[in-house]
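Please read the structure below before turning to the comments.
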Amino acid sequence: MSPNQLPGHPHIAFLGDELFIEGLRLSDLAHQYGTPLFVYSKAAMLSALAAYQRGFAGRKARICYAMKANSTLGVLQVFAQAGCGFDIVSGGELERVLAAGGQAEDIIFSGAGKTRAEMRQALQAGIGCFNVESEAELEVLSQVASEMGKVAPVSIRVNPDVDPKTHPYISTGLKGNKFGVPHESSLRAYQRAASLPGLKVKGIDCHIGSQITEEAPYLDAMDRVLDMVEAVEAAGIMLEHIDFGGGLGIDYQGDQPPAADALWAKLLAKLDARGFGQRMLMIEPGRSLVGNAGVCVTEVLYIKPGEQKNFCIVDAAMNDLPRPAMYQAYHAITAVRRTQQAAQTYDVVGPVCESGDWLGRDRELAVGPGDLLAVLSAGAYCMSMASNYNTRGRAAEVLVDADRAVLIRERETAADQMRGERLAFGPRT
Ligand SMILES: *Cc1c(COP(=O)(O)O)cnc(C)c1O
139 MSPNQLPGHP HIAFLGDELF IEGLRLSDLA HQYGTPLFVY SKAAMLSALA AYQRGFAGRK
199 ARICYAMKAN STLGVLQVFA QAGCGFDIVS GGELERVLAA GGQAEDIIFS GAGKTRAEMR
259 QALQAGIGCF NVESEAELEV LSQVASEMGK VAPVSIRVNP DVDPKTHPYI STGLKGNKFG
319 VPHESSLRAY QRAASLPGLK VKGIDCHIGS QITEEAPYLD AMDRVLDMVE AVEAAGIMLE
379 HIDFGGGLGI DYQGDQPPAA DALWAKLLAK LDARGFGQRM LMIEPGRSLV GNAGVCVTEV
439 LYIKPGEQKN FCIVDAAMND LPRPAMYQAY HAITAVRRTQ QAAQTYDVVG PVCESGDWLG
499 RDRELAVGPG DLLAVLSAGA YCMSMASNYN TRGRAAEVLV DADRAVLIRE RETAADQMRG
559 ERLAFGPRT
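Residue numbers for the sequence shown follow the numbering used here, beginning at 139 and rising by one.
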């Protein structure tokens, strides 16, 4: 790796003293579109996808981008054009996929709390599979489908009870989690599904958590899932596909997750050894496809020296980048232009009126007011989690393809935010 390359960020690098994303200077983009600004590299998304595609070469497999990681239409379009399916978790996400040019039959619908209205919407569209998360949901889905004269394709999300060794808020495959059907009752759920008139059993799925950086939890989960496939098929219910979920981590802070192709070489060896290598395979990666393809560029507003801490106050905040406030997550932060100035230690904080509004703590930065910072690894679970707290408009987003930039989301105005609101009372008389 050249010293100018940022670890884990293949298409974001310093050229001289300037930080570039593909062929464009981030400072130029910030001046053109304003800050805070999310900027994504198309090449970085496609190279992350290519690692999975290499991993599945010669197999029957579908990569369904878990779009909750970043659901902006311009991002979805990149994956739709690259041949991906989509993993959705709401009716709103279904509308987004269709608006971005995705195919309904390549959509799988996950989530523990699907409403009847969302089930109807997805059946009407003709999605590929519902990943059902409880026995109660099986009953409701069968009923809704029967009322429409349709049969819903289903897979059951089994909870393999393995510890993904990640942050408790993003671990989903343990017994104490709300997700999936417990391993012990999975067979009963399959038998019930097979007996219901509105359902057609298609497959099995699991998803054990997010930002997973070790391969052992995946290998353990695969064994547990295959045990279940054997038990279900022994009961006479055949499964066309095995959906192994998402969750592979990215490098935020020297993390070393396995590469997607290397991980899948091991998982496929296991599938082959147990005689399942020719099954249709599906996966639902989110973060690992987009996380390190994006940065958030923000302007330094004020430097505020303090007795215990120096604060670097920037124009991006917890409403734009919620992960530090939500999970104490770490995002690397770097100046967009290198200088010879002496660095100081700062807490990088936003303008929102909460002490939880911080983006990074104890960071060495050589910056002053008006300088630009890049918050790295901002492609996943940032814009899609952004809020309007403090009536802050959501940031603009730009997609870069080589030396071309396209504005894929305009900066939100106060009028955008107030649309749909009504004053409660007429003028005082
Ligand atoms: C969130 C989620 C994913 C994607 O997880 P990543 O960690 O972003 O890869 C996949 N499947 C399901 C069911 C999810 O809830």
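We put the beta carbon where it would ideally sit given N, CA and C, even for glycine.
When we look at the beta-carbon of residue i and count the other beta-carbons within 10 Å, is it buried (16 or more) or exposed?
i    : result
Q349 : buried
R254 : exposed
R542 : exposed
S333 : exposed
Q143 : exposed
S493 : exposed
R530 : buried
Y440 : exposed
V319 : buried
D458 : buried
E445 : exposed
L153 : exposed
List the DSSP bridge partners of residue i.
i    : result
L325 : For L325, which the question treats as bridged, DSSP gives no partner whatsoever.
S185 : None, per the DSSP bridge assignment.
Between the C-alpha atoms of residue i and residue j, what's the straight-line distance to the nearest angstrom?
i    : j    : result
D155 : V474 : 8 Å
M139 : Q555 : Unreliable positioning characterises M139 in this predicted model, as indicated by a pLDDT of 41, which lies under 50. The coordinate reading is nonetheless provided below. C-alpha separation (whole angstroms): 44 Å.
E422 : A455 : 29 Å
D495 : K316 : 28 Å
L626 : E273 : Residue coverage of the chain in this structure runs from 139 to 567, which leaves residue 626 outside it and unanswerable.
L162 : L211 : 22 Å
S165 : G172 : 10 Å
L386 : R362 : 18 Å
G517 : R547 : 14 Å
G336 : S284 : 5 Å
S324 : F224 : 25 Å
T551 : M205 : 25 Å
V339 : I294 : 8 Å
Q466 : G498 : 9 Å
L406 : K447 : 50 Å
V452 : K252 : 38 Å
May I ask you to report which of helix, strand or coil DSSP gives residue i?
i    : result
K340 : strand
Y484 : strand
F563 : coil
G374 : coil
T173 : coil
K442 : strand
T210 : coil
E550 : coil
D361 : helix
G223 : strand
N348 : The amino acid at residue 348 is misidentified as Asn; the sequence shows Ser. Here S348 sits in coil by DSSP.
G498 : strand
L279 : helix
E492 : coil
M418 : strand
R461 : helix
F194 : coil
M139 : Model confidence at M139 stands at a pLDDT of 41, short of 50, so the residue's coordinates are unreliable and nothing is read from them.
L157 : strand
So, under 8 Å CB-CB, residue i and residue j are touching, yes? Tell me the CB distance rounded to an integer number of Å.
i    : j    : result
S179 : I201 : Going by Cβ atoms, the distance from S179 to I201 rounds to 19 Å, so no, they are not a contact pair.
Y527 : A470 : 24 Å between Cβ atoms; not a contact.
H345 : G287 : Rounded, the Cβ-Cβ distance is 31 Å, inconsistent with contact.
T436 : D393 : That pair is no contact at about 23 Å.
I388 : M366 : So it is not a contact: roughly 29 Å between Cβ atoms.
Got a sec: is the Cβ-Cβ distance from residue i to anything in chain C below 8 Å?
i    : result
N142 : This model lacks chain C altogether, as it is built from one protein chain only.
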